[in-house]
Every structure is written in structure tokens, then in C-alpha cells.
Amino acid sequence: MFGKKKQPPIKSLVAHGSRIEGHYIFSEGLRVDGEVVGDIRANPDRPSILVISESASVTGVIQADHVIINGRVVGPVHAHELLELQPKANIEGDVSYKGLEMHQGALIAGRLIPLVGAGEKPTLKLAANND
């Protein structure tokens, strides 16, 4: 999906120092730098990207096409296309994905569940350590 098409723009922000309690539904792109206690779901009718930054914390279900995590998540993560786990990602919950990119240092306390059809293999990319 994202290999050939341009990624959707990030149009919404949960700023550092902000806290949202409740479910959040977004269209296209969302960046979380603050804290969300509740589910974050993308509108399923449009391509979506969700970025959870290093300073962010989310407690709840995460669901989007392309999910990039570098902060803390407590709850299941559903990436319908690509899940990118950056070095400071810390997830307590199951993750489902079609493609997975995981950097050294990322932690998952849960199951990895590839979203593939019969006979397909999930896409897995190990990020090189650039230190």
C-alpha cells in the first residue's frame, strides 16, 4: 500500500504535555507526543498513518494502516499494512501486522500476529544498527 502511493499527511497532533481520556478516531495522519488513555483508531475508509513518538504514552487499542511506534503502548496494536517499531518502542500487548520493521532496542511483551492469507509469508525487515 505505502510502497507505491504517497503516505497520507499528518493533520492532527496530541502535543507533549497533553492528556486525552476517551476514544480518538482520526482521518489520514495523527502524531501523538502526549498521553492518550483510550483507543486510537483510523477511519477505515481512507489510508492512514499513526506516529507514537518517544515521549508518548498510549493505553488502549491502536488501529491504523501504517503505525510507527517509538514510545510506550499498553494494549493491542493492529497495523493493517506496516508496523514500524523504533528503538525506544515499548509495547505491552499483542501486535498484528502485514509488514513489520523492528529496530534493535524495541520491546514487545505480547504475541506477534502476522496478517497474511493462506500460503503467504509476512514481510519482515530488520533494521540495521547505524551506531
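Using numbering that gives the first Met the number 0, you'd call the opening residue of the sequence shown number 0 and step up by one each time. The beta carbon of each residue, even a glycine, is placed where N, CA and C say it ideally should be. Just so we're clear, the structure is a prediction, and the values are computed from it rather than from any experiment.
Buried or exposed, going by whether 16 or more other CB atoms sit within 10 Å of the CB of Val13?
buried
Have a look at Leu82 and Ala108 and give me their C-alpha separation to the nearest angstrom.
16 Å
Shortest alpha-carbon distance to Ser95 belongs to which of Val35, Glu80, Ser26?
Glu80
Determine the closest residue to Ile48 out of Pro8, Asp38, Gly59, with distance taken between C-alpha atoms.
Pro8
Minimum C-alpha distance to Gly37 - residue among Val76, Arg45, Arg110, Ile112:
Val76
Going by DSSP in three states, Gln103 sits in which element: helix, strand or coil?
coil
Output the distance between the C-alpha atoms of Leu114 and Ser17, rounded to the nearest integer angstrom.
33 Å
For a minimum of 3 consecutive residues, which ranges assigned as the beta strand (DSSP E) are wholly contained in the stretch 33 to 79?
34 to 36, 39 to 41, 48 to 51, 56 to 58, 61 to 68, 71 to 73
Expected contact under 8 Å - CB spacing of Ile39 and Ile67 to nearest Å:
Going by Cβ atoms, the distance from Ile39 to Ile67 rounds to 13 Å, so no, they are not a contact pair.
Might you give, ordered along the chain, the residues of its own chain that have their beta carbon closer than 6 Å to the beta carbon of Val73, omitting 5 neighbours on each side?
Thr58, Glu91
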